[in-house]
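Just so you know, the sequences run in chain order A and Y. Note that the first sequence covers residues 1 to 88 in my numbering. Note that the second sequence covers residues 1 to 375 in my numbering.
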Amino acid sequence: VGPSGRLYTYTVVYELFAGLDSLGPYAVGQVEMEGGPRVQGLITGSEFDELEIDMPLELTLLVLGTGERGRPRVTYAFRPAQPKERAP
Amino acid sequence: MRQVAVVGVGMTRFAQHPQRSIADLGAEAVLAALADAGLSWPDVQTAWCGAVGLGMTAGTRLLAELGLTGAPITTVDNASASGSTAFREAYLSVACGLYDVALAVGVGKMTAGGGAAAPADRSEILQMQAMGFLPPAGVFAMRTRRRMHDYGATIVPYARVSVKNHRHGSLNPFAQFQKEVTLEQVLQSRLVCDPLTVLHCCPIGDGAAAAVVASLPRARRLGAGPLIRVAASAFRSEVYSSDGHPGPSITELTARQAYEQAGAGPEDMDLVQVHDAFTVEEIDYYESLGFCRRGEGERLVEEGVTTIGGPIPFNTDGGLLARGHPIGPTGLAQVWETVVQLRGQAGPRQVEGARAGLCQMIGAGGVCVIHILKR
Numbered sequence: 001v002g003p004s005g006r007l008y009t010y011t012v013v014y015e016l017f018a019g020l021d022s023l024g025p026y027a028v029g030q031v032e033m034e035g036g037p038r039v040q041g042l043i044t045g046s047e048f049d050e051l052e053i054d055m056p057l058e059l060t061l062l063v064l065g066t067g068e069r070g071r072p073r074v075t076y077a078f079r080p081a082q083p084k085e086r087a088p
Numbered sequence: 001m002r003q004v005a006v007v008g009v010g011m012t013r014f015a016q017h018p019q020r021s022i023a024d025l026g027a028e029a030v031l032a033a034l035a036d037a038g039l040s041w042p043d044v045q046t047a048w049c050g051a052v053g054l055g056m057t058a059g060t061r062l063l064a065e066l067g068l069t070g071a072p073i074t075t076v077d078n079a080s081a082s083g084s085t086a087f088r089e090a091y092l093s094v095a096c097g098l099y100d101v102a103l104a105v106g107v108g109k110m111t112a113g114g115g116a117a118a119p120a121d122r123s124e125i126l127q128m129q130a131m132g133f134l135p136p137a138g139v140f141a142m143r144t145r146r147r148m149h150d151y152g153a154t155i156v157p158y159a160r161v162s163v164k165n166h167r168h169g170s171l172n173p174f175a176q177f178q179k180e181v182t183l184e185q186v187l188q189s190r191l192v193c194d195p196l197t198v199l200h201c202c203p204i205g206d207g208a209a210a211a212v213v214a215s216l217p218r219a220r221r222l223g224a225g226p227l228i229r230v231a232a233s234a235f236r237s238e239v240y241s242s243d244g245h246p247g248p249s250i251t252e253l254t255a256r257q258a259y260e261q262a263g264a265g266p267e268d269m270d271l272v273q274v275h276d277a278f279t280v281e282e283i284d285y286y287e288s289l290g291f292c293r294r295g296e297g298e299r300l301v302e303e304g305v306t307t308i309g310g311p312i313p314f315n316t317d318g319g320l321l322a323r324g325h326p327i328g329p330t331g332l333a334q335v336w337e338t339v340v341q342l343r344g345q346a347g348p349r350q351v352e353g354a355r356a357g358l359c360q361m362i363g364a365g366g367v368c369v370i371h372i373l374k375r
């Protein structure tokens with residue numbers, strides 16, 4: 001599975017649990033990965049109103065905290081595809 | 001297999017009943033169903049109870065309150081389809097010839113934390129967010145968003161499902177919500193998971209519902225009212241299909257079996273009850289149950305086809321959106337509504353001349369249960 005794909009569908013969660021004080025809305029999407037399956041995850045680095053079905057996204061890593069023996073605990077998320085860096 | 005009739009139905013109003021116990025709610029529904037059938041509790045030879053998250057042998061403990069008769073009692077958990085599964089097992093108990101009278105009851109107390117409770121630790125919630133966790137409304141918000149994209153729809157047709165089902169609920173004294181809502185109210189209510197506002201989502205509530213089934217000779221001896229037969233009972237779990245090659249939906253596959261058993265098709269149905277926990281589901285099931293082709297569901301609700309008075313009314317009692325969804329009893333509330341309609345006793349929400357009704361429930365984890373009842 002490649003590191004990028006296209007947004008199949010998405011939502012912005014405003015209420016995670018009934019009656020819970022909002023910890024702030026967050027976007028979740030299903031992404032059709034290049035040549036692979038549809039993967040669900042958090043979408044970061046995008047304004048909610050810029051999200052659009054079929055937009056190109058790429059994988060990124062999020063640090064969740066510190067785990068065993070002081071090593072960082074990480075998970076994947078998606079962000080809008082970044083323009084490719086040019087070779088110097 | 002022998003033919004089976006529904007001889008009695010009963011339910012409590014679905015609502016938030018924080019003061020009432022499960023036994024209290026369950027007894028009200030069971031005693032109402034038994035009285036409707038002209039039977040008493042010792043006449044019941046076996047019982048099945050749909051309950052989710054209510055502890056071990058919830059059905060046995062609940063029914064003990066009515067008296068210890070020695071009848072075999074089984075509690076079943078199939079998420080939202082628990083009540084429908086209890087009904088199917090009661091039906092099979094009689095159809096296979098082992099018993100002449102069987103009871104199905106469902107009970108739910110979602111206000112007592114039957115639903116998902118928020119973790120106390122805020123860092124745990126932040127971690128769930130980082131992992132892209134979705135509440136049920138989020139799953140159906142994503143499905144709605146994709147349907148809008150595929151079929152060029154706005155949010156309006158989905159909102160109209162809520163308006164329609166609240167109008168039906170306003171005609172049902174057993175519904176949790178008995179007030180109409182306007183399109184503007186649905187569109188402008190609190191945003192839960194974009195694009196779904198809270199009025200696109202079913203409420204949290206408590207309640208119980210019950211049905212008594214009997215063999216045809218026994219039903220004829222009881223004699224009251226028209227005979228309502230169970231014409232089909234179909235039940236499936238998911239089959240694997242990959243994202244790239246989606247097969248028919250679980251509801252499509254289950255409906256095929258149900259129609260075949262009943263020797264009938266969608267054109268023979270007069271009313272339909274479906275699992276409308278979220279508005280997009282009802283539109284999806286119009287298609288899966290064969291009432292229109294893929295992509296035409298939005299048009300059905302826009303044109304009033306599925307409202308009471310239209311050619312094929314859906315969720316005549318208000319559905320999960322307005323009648324309510326305490327989980328355990330919901331499938332039996334569908335049976336209750338269908339029986340009341342087929343007897344011609346539904347008052348202001350009566351579907352004229354109704355002779356056949358279909359009840360569909362989906363349960364989390366991937367199950368579908370469909371029953372067809374015929375007068």
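Just so you know, even glycine gets a beta-carbon here, dropped at the ideal spot from N, CA and C. Bear in mind that the values here come from a model prediction, so they are computed numbers and not experimental data.
Starting from the beta carbon of residue i, find every residue of chain Y whose beta carbon is closer than 8 Å, and list them in chain order.
| i | result |
| --- | --- |
| leucine 42(A) | Gln129, Ala130, Met131, Gly132 |
| threonine 66(A) | Result: empty, since nearest Cβ-Cβ is about 12 Å, beyond 8 Å. |
| glutamine 30(A) | Met142 |
With a cut-off of 8 Å on the beta carbons, I'd call residue i and residue j a contact; round off their distance for me.
| i | j | result |
| --- | --- | --- |
| isoleucine 372(Y) | alanine 258(Y) | 6 Å |
| threonine 12(Y) | leucine 25(Y) | 5 Å |
| arginine 323(Y) | phenylalanine 14(Y) | 6 Å |
| arginine 79(A) | glutamate 47(A) | So it is not a contact: roughly 12 Å between Cβ atoms. |
| tyrosine 10(A) | glycine 29(A) | 4 Å |
| tyrosine 286(Y) | threonine 306(Y) | 7 Å |
| isoleucine 308(Y) | threonine 316(Y) | 6 Å |
| valine 9(Y) | valine 213(Y) | With 8 Å as the limit, valine 9(Y) and valine 213(Y) do not qualify as a contact, their Cβ atoms being about 10 Å apart. |
What are the start and end residues of the alpha helix (DSSP H) that includes residue i?
| i | result |
| --- | --- |
| arginine 6(A) | From DSSP, arginine 6(A) is part of no alpha helix (DSSP H) but of the beta strand (DSSP E) over 4-13. |
| arginine 122(Y) | 122-130 |
| tryptophan 336(Y) | 330-342 |
| alanine 35(Y) | 22-37 |
| valine 367(Y) | Segment 367-374 is the beta strand (DSSP E) holding valine 367(Y); no alpha helix (DSSP H) there. |
Taking 8 Å as the limit between beta carbons, can you name the residues of its chain near residue i, skipping five residues before and five after?
| i | result |
| --- | --- |
| glutamine 19(Y) | none |
| threonine 66(A) | Pro72, Arg73 |
| leucine 39(Y) | Val7, Gly8, Val101, Val212, Leu222 |
At 9 Å on the CB atoms, spell out the chain Y contacts of residue i, in chain order.
| i | result |
| --- | --- |
| glutamate 15(A) | Pro135, Ala137, Arg190, Leu191, Val192, Cys193, Val198 |
I'd like the list of long-range same chain contacts for residue i, defined as Cβ closer than 7 Å, with 5 residues on each side in sequence excluded.
| i | result |
| --- | --- |
| aspartate 268(Y) | Ala356 |
| glutamine 3(Y) | Leu216, Arg229 |
| serine 237(Y) | Gly366, Val367 |
| valine 192(Y) | Ala137, Val198, Cys201 |
| aspartate 54(A) | Arg6, Leu7 |
| tyrosine 99(Y) | Gln45, Thr46, Ser93 |
| proline 195(Y) | Ala141, Thr144, Arg145, Ile155 |
| arginine 218(Y) | Asp100, Val101 |
| glutamine 16(Y) | Thr111, Gly205, Asp206 |
For residue i, which residues in chain A fall below 7 Å Cβ to Cβ?
| i | result |
| --- | --- |
| alanine 141(Y) | Thr11 |
| histidine 149(Y) | Ile53 |
Which first and last residues belong to the beta strand (DSSP E) in which residue i is found?
| i | result |
| --- | --- |
| valine 4(Y) | 4-11 |
| glutamine 360(Y) | 356-363 |
| glycine 50(Y) | 46-50 |
| glycine 207(Y) | 206-215 |
| valine 181(Y) | Careful: valine 181(Y) lies outside any beta strand (DSSP E) and carries neither H nor E. |
| leucine 321(Y) | Where leucine 321(Y) is concerned, there is no enclosing beta strand (DSSP E), although the alpha helix (DSSP H) it sits in stretches over 319-322. |
| aspartate 194(Y) | 191-194 |
By the criterion of Cβ-Cβ separation under 8 Å, what are the contact partners of residue i in chain A?
| i | result |
| --- | --- |
| arginine 145(Y) | Thr9, Tyr10, Thr11, Ile53 |
| arginine 122(Y) | Leu23 |
Which residues in chain A sit within 9 Å of residue i, going by Cβ to Cβ distance?
| i | result |
| --- | --- |
| isoleucine 125(Y) | Leu16, Phe17, Leu20, Leu23 |
Output, in chain order, the set of chain Y residues within a Cβ distance shorter than 7 Å of residue i.
| i | result |
| --- | --- |
| threonine 60(A) | Those do not exist, as threonine 60(A) stays about 12 Å from chain Y at its closest Cβ, beyond 7 Å. |
If you drop the 5 nearest sequence neighbours on each side, which residues of the same chain put their C-beta closer than 6 Å to that of residue i?
| i | result |
| --- | --- |
| alanine 234(Y) | Thr254, Gln257, Ala258, Ile370 |
| threonine 57(Y) | Thr75 |
| valine 1(A) | Met33, Gly36 |
| serine 288(Y) | Ser249, Thr251, Glu252 |
| glycine 310(Y) | Gly304 |
| threonine 44(A) | Ala77, Arg79 |
| leucine 55(Y) | Contrary to the premise, residue 55(Y) reads as glycine rather than leucine in this sequence. Closer than 6 Å at the Cβ level, and outside the excluded window around glycine 55(Y), lies no residue. |
Does any CB atom of chain C fall closer than 9 Å to the CB of residue i?
| i | result |
| --- | --- |
| proline 329(Y) | Absent from the structure: chain C. Protein chains present are A and Y. |
With a threshold of 8 Å (Cβ to nearest heavy atom), would residue i be considered close to the ligand GTP?
| i | result |
| --- | --- |
| threonine 197(Y) | With respect to small molecules bound, the structure shown includes none, and the ligand GTP cannot be examined in it. |
Query - Uninterrupted alpha helix (DSSP H) stretches inside the region 139-172 of chain Y (no shorter than 4 residues) - result: 156-169
Requested in this report: Report the residue ranges of all alpha helix (DSSP H) runs contained in full by the region 57-117 of chain Y; include only those spanning at least 4 residues, in chain order.
Outcome: 58-64, 82-95
Requested in this report: Identify every run of the beta strand (DSSP E) within the region 8-75 of chain A, keeping only runs that are complete inside it and at least 3 residues long; order them along the chain.
Outcome: 26-33, 38-43, 56-66
Query raised in the report: What are the complete beta strand (DSSP E) segments, minimum 3 residues, inside the region 230-305 of chain Y?
Result: 271-273
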